[in-house]
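K.L.:
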Amino acid sequence: MGVPALFRWLSNKYPKIVSPVIEEQAQVVDGEEIPIDITRPNPNGEEQDNLYLDMNGIVHPCTHPEGKPPPADEQEMMMEIYKYTDRVVNMVRPRKLLMIAIDGVAPRAKMNQQRARRFRSAQEAKENDQKKEELHKMLAQQHATKTGEQLVREEVVQKTWDSNVITPGTPFMDILAASLRYWIAYKLNTDPGWENLKIIISDATVPGEGEHKIMNFVRSQRASPNHDPNTRHVIYGLDADLIMLGLGTHEPYFRVLREDVFAQDSRPRGCRLCGQTGHKAEECLGRPKEKSGEFDEKQHAAPLKPFIWLHVAVLREYLAVELRVPQQPFPFDLERALDDWVFMCFFVGNDFLPHLPSLDIRENGIDTLIAIWRDNLPAMGSYLTKDGSVELKNAQIILQGLAKQEDAIFARRRQADERKQANEKRRKEQDAARNEERAQKRRRSSPQRDLTAGSGGGEPAPPMELITPGRGHLNKETRELTHSMVINRGAVYRANMENKSAAAVLKSKLMKGNQDAGDSETPATDGEDVSSELPEQTSPGVLGKRKADVAEQEVTEAGTPGRDSPLPVPPVPEKPKQDETQEDTVKLWEPGYADRYYEQKFGVDPKDLEFRHQVAREYAIGLCWVLRYYFQGCPSWTWYYPRHYAPFAADFVDIADMDVQFEKGTIFKPFEQLMGVLPASSNHALPKVFHPLMENPDSEIIDFYPEDFPLDLNGKKFAWQGVILLPFIDETRLLNAMAKVYPLLTEDEKSRNSHGQEVLLLSDRNPLYQDLVANFYSKKPGPAQYPLKEDVSGGLAGIVERSDTYIPHSSLVSPLEAHGMPGVDDDRSLTVLYTIPKTSHVHKSMLLRGVKLPTPMLDSNDIRATQTRSQNSGRSFGGAPFQGRGRGGRMNYSSDRPNPFAAHLDPKFNSGPQGGPGGAPMVPPGWVPPGQGYGGYARGPPPPPRGGMSHQYPPQYPPQHGYQQPGDYYGQQNNQYNQGGQYNNGHQSGYGQQDYRGGRGGNRGGRGRGGQNRDHYSHNQGGGGYNRY
């Protein structure tokens, strides 16, 4: 998902969700590497059942790695993919199933982001090729300058490998699929650890993103009556949305495996004396370095990045504490609360919608939404979502609450940016002063200055006579002369001169002047600055550089044979300053920002409020699409958000009455997606018959492929954070233009342009092997579409068919024999076509019967700290107070009048009374505020003292309840699951029974703002903001 900082934010806020992977390394004996035996117990202490590989997270780093040279050809790429995949399997050691999913044709909503990424990638590759060509020309000119001859032969500049070919429909993806099928069959024949595994490959011909094809499989297995609810799942990938997808499965045993991308931050530093790691300089013993390998070649090899687990089960524990609202008027349902949390994460960024301007993950935007959600949950009367559908009337309340904070958020963001810029400027000035001071010290202590500079910088140190060693002729003074006295004679001389009195110095100079008759220099008088008359001393390195530059210039001016005139030396462009960025003309922190935003970003009249509401409605439809896509599968293959920018929260004024429906639509073919996402420079991945459509100026769709495109930083600092303003693809125009070319395709190209099917591979030692062979390859074959027997298949549900390309016990031909991957004469693996079972049931947000909840990992200290943080976080921008008014009032986000904070709302808009059309739901009947608790506090004990840390509490606080029994930390009994009211039985138990209130964010940012910054309608809406608290 498009939130680069989400994983770091999660791991910092919930530290126990991450743990390192214990990885067993292969042993080398007599130069031979002994493979890892994965039949042995998992060194991590827990066995895993199913492993799912989001394969694009492996293909990309293997084909264009960082920090080392890329593979020379596609065969080497496949070998790198094999090694990486084998390493992941060895770490997890799945016992039942391995699923490999490669991205297929994506929904139309995803293609917009894919298009932007690939256009940016092509532009970067073009720039790299230009740099290579310039370097080649420069080297050729230098060679010609030195030898006096021009290079006759033409060098071939190797082009940067185009990573855009990692897209469905390209020849590379066909090679990848075939190579993976060979490697899996090879492992099934040769590795005992794979004997009982069932492997499903969903290659690029199967539509859908890799991780969502995996989730579709998990949901289908979960719908089977024979599914084991205690199945242990592991999914590998680098995308942050795998965490959301893992929560959305509502499977209690789920892990995410990923590389530790922050391992570089904690890498140990080497000793500065010997350069070895493992000890500090003060501990160095000066021992010689031990060789790693015969020639120490392993020392210089790129180190393997460590892996980490992200435990979704532990994240569920944290969220069970944080999302529990004390005395809420309806039963607490953790599974639905988790769905609400996932939905709120979509607001800060995803692959299908731009994030709202007021929300940023680095500013704890999710915490802001959670605070609003907690404060309004009793008033909403139910959760935000239900089984993948959005309750828009409740989403309206959340967005209204965010609208009240937008002015304060933008103002605080500006203040933070100004502080950051001021700190950076101060650090630069300090660094410059420090570097200047160091440079002066180096100049004062340099040997050249010692020879030329005397006291005060104008008098040289006295020369020392060379010692001619001779036997028996060294006097006492010469014998006492040391190496240090010779090297530091200038510093010693200046120190001695400074220690003398002024009279002694003058006397010494006069006596010296009388003795040195040949000295013609006039001594400087007292108070005269001698150093000002001398040119600034130049260090030897700079001097050498100047001499080299002069010599090069002389050679150039003299001319080179074969050239009439020298080549001009281009000026070196100055590096742009770090703080010089694209000017932000919207200025969200100044009044009228909404007018400027819509005028500059959307090109509409600032007074056109209906357009703003229309954009908000389109965005709301997008939120519904994203949530359903994550929980139920793709609701529509053709829908997409037709804007580059998101609306403000205050623009969502009438979404409660929307009836959102989606049409399934038709899935794009692979070539159609390629034509929709690739730039013209990557047309080599397409058949040649399509090239004129992308290159010919007279093409009817040439406007889809601009060579240059604008980049809007949109208030950001770096180009990768900007918005690429590409035209949206008109599906009708694109398909009509391609339909004219389809008859020219070859049979092989037509095959690449078709949709495929998953395949299932297994060994002949798997119990399912004999059952399938008897059905498909016996004298009396069974049905063509054979439902798997789950008691034989180990719980795997689905339908299999015979594969026409597979022949039992045939030879397995290797495509990589040159790289040490041999073929197999007698292939003892089986390959069949596999279909994921379809179900008419909606994926329910609930735990299944028979589940045994994992042992809780959070202790009482973790629970108290999380409870306190949940009460205080998200209120830094004038967030709604949780109790009473002022320091303790609950903010009512839905009232009987228009939202005063959303100052640019239509004056005619009326939210209506509570419980009526357009208003918020009424508080359920029978709900009363909680009674007085002990100590006179309605919701638990008083907040902790401000002088201490947030997790320190007075000893008189009552003990926690509901987290002492294993299997009861979700607020439920062992054999019960989110049915009825077992989460809240009228007394405080389980999570969230205490409501700590330390912190004073309730009446801070946004004070006196109201909505005056939004636009020209602000003076008609009256006051507002948080100045009333």
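Mapping of the sequence shown onto my numbering: residues 4 to 1032, in sequence order.
Think of the CB as a built atom: it goes at the ideal place given N, C-alpha and C, for glycine as much as any other residue.
Counting only runs of 4+ residues fully inside the stretch 688-732, write out the alpha helix (DSSP H) ranges in chain order.
P.N.:
694-698
K.L.:
Return the chain-ordered list of same chain residues with a C-beta closer than 8 Å to the C-beta of Thr588, the five sequence neighbours on each side being excluded.
P.N.:
Arg599, Gln603
K.L.:
According to DSSP, simplified to helix, strand and coil, what is Ile169?
P.N.:
coil
K.L.:
Thinking Tyr644 and Tyr622 are a contact (beta carbons under 8 Å), I'd like their distance in whole angstroms, please.
P.N.:
About 7 Å separates the two Cβ atoms, so the contact holds.
K.L.:
Does Asp257 come out as helix, strand or coil in the three-state DSSP assignment?
P.N.:
Note that residue 257 is Phe in the sequence shown, not Asp. Secondary structure at Phe257: strand, using DSSP grouped into helix, strand and coil.
K.L.:
According to DSSP, simplified to helix, strand and coil, what is His846?
P.N.:
Residue state, collapsed to three classes: coil.
K.L.:
Could you tell me which residues DSSP pairs with Leu763 in its beta bridges?
P.N.:
Ile203, Val835
K.L.:
Could you give the first and the last residue of the continuous beta strand (DSSP E) run that contains His314?
P.N.:
310-314
K.L.:
Tell me which residues share the same chain as Gln518 and place their Cβ nearer than 7 Å to its Cβ, disregarding the 5 neighbours each side in the sequence.
P.N.:
For Gln518, the predicted model reports a pLDDT of 49, less than 50, meaning its position is unreliable; a value from the coordinates is still stated below. Around Gln518: no qualifying Cβ.
K.L.:
For the beta strand (DSSP E) that Gln51 lies in, which residues bound it at each end?
P.N.:
Boundaries of the beta strand (DSSP E) around Gln51: 51-57.
K.L.:
For Gln788, list the residues DSSP reports as bridge partners.
P.N.:
Glu804
K.L.:
Nearest to Phe665 by CA position, among Asn875, Tyr632, Val32, Gly70, is which residue?
P.N.:
Tyr632
K.L.:
Would you report the Cα separation of Gly565 and Glu136, rounded to the nearest angstrom?
P.N.:
Because the pLDDT at Gly565 is just 36, under 50, the model does not fix this residue reliably, and the value given afterwards should be weighed accordingly. The alpha-carbon separation between Gly565 and Glu136 amounts to approximately 22 Å.
K.L.:
Indicate the three-state DSSP secondary structure (helix, strand or coil) for Pro174 in the structure shown.
P.N.:
Here Pro174 sits in helix by DSSP.
K.L.:
First and last residue of the beta strand (DSSP E) that includes Pro97?
P.N.:
97-104
K.L.:
Alpha carbon to alpha carbon, how far is Glu79 from Phe310?
P.N.:
Approximately 23 Å, taken between the alpha carbons.
K.L.:
By Cβ distance below 6 Å, which residues in the same chain neighbour Glu212 in space, the five residues on each side in sequence not counted?
P.N.:
Asp106, Ala109
K.L.:
Taking 8 Å as the cut-off, does the stretch 777-788 touch the stretch 191-205 (at least 3 CB pairs, one atom from each stretch)?
P.N.:
no
K.L.:
Should Asn115 and Phe731 be called a contact, given that it needs their Cβ atoms to be closer than 8 Å?
P.N.:
yes
K.L.:
To test your reading of the DSSP string, which unbroken beta strand (DSSP E) runs of 3 or more residues are found completely within the stretch 351-401?
P.N.:
none
K.L.:
Taking its Cβ as the centre, do 16 or more other Cβ atoms sit within 10 Å of Met247, making it buried, or is it exposed?
P.N.:
buried
K.L.:
Need the endpoints of the alpha helix (DSSP H) that Val221 sits in, please.
P.N.:
Run containing Val221: 213-225, per the alpha helix (DSSP H) assignment.
K.L.:
When the Cα atoms are used, what is the spatial distance from Ser223 to Thr842?
P.N.:
When rounded, the separation of the alpha-carbon atoms in Ser223 and Thr842 is 7 Å.
K.L.:
Am I right that Trp186 and Tyr55 are in contact with their C-beta atoms under 8 Å? What's the rounded C-beta distance?
P.N.:
Not a contact, Cβ separation roughly 17 Å.
K.L.:
Whose CA, out of Ile705, Val264, Val32, lies closest to the CA of Ala740?
P.N.:
Ile705
K.L.:
Compute the Euclidean distance between the alpha carbons of Arg755 and Ala207, then round it to the nearest angstrom.
P.N.:
Here the alpha carbons of Ala207 and Arg755 stand approximately 10 Å from one another.
K.L.:
In this structure, how does DSSP classify Glu421 when only helix, strand and coil are distinguished?
P.N.:
helix
K.L.:
What does the alpha-carbon distance come out to for the pair Arg415 and Asp611?
P.N.:
Going from the Cα of Arg415 to the Cα of Asp611 covers about 28 Å.
K.L.:
Helix, strand or coil for Val21 per DSSP?
P.N.:
strand
K.L.:
Are the beta-carbon atoms belonging to Leu626 and Ala243 less than 8 Å from one another?
P.N.:
no
K.L.:
Is it buried or exposed for Gly785, if we count other Cβ within 10 angstroms and need 16 for buried?
P.N.:
exposed
K.L.:
So which of His230, Gln117, Val209, Ile217 has the shortest CA-CA distance to Glu793?
P.N.:
His230
K.L.:
Judging by CA-CA distance, which residue of Thr66, Met94, Ala125 is the nearest neighbour of Tyr708?
P.N.:
Ala125
K.L.:
Does the stretch 832-846 touch the stretch 796-810, meaning 3 or more C-beta pairs lie closer than 8 Å?
P.N.:
A contact exists between the stretch 796-810 and the stretch 832-846.
K.L.:
Checking 8 Å against the spacing of the C-beta atoms, do Leu689 and Phe712 come in under that value?
P.N.:
A distance of 8 Å or more separates the beta carbons of Leu689 and Phe712.
K.L.:
For the alpha helix (DSSP H) that contains Tyr1036, what are its first and last residues?
P.N.:
Residue 1036 is absent from the structure shown; the chain starts at 4 and stops at 1032.
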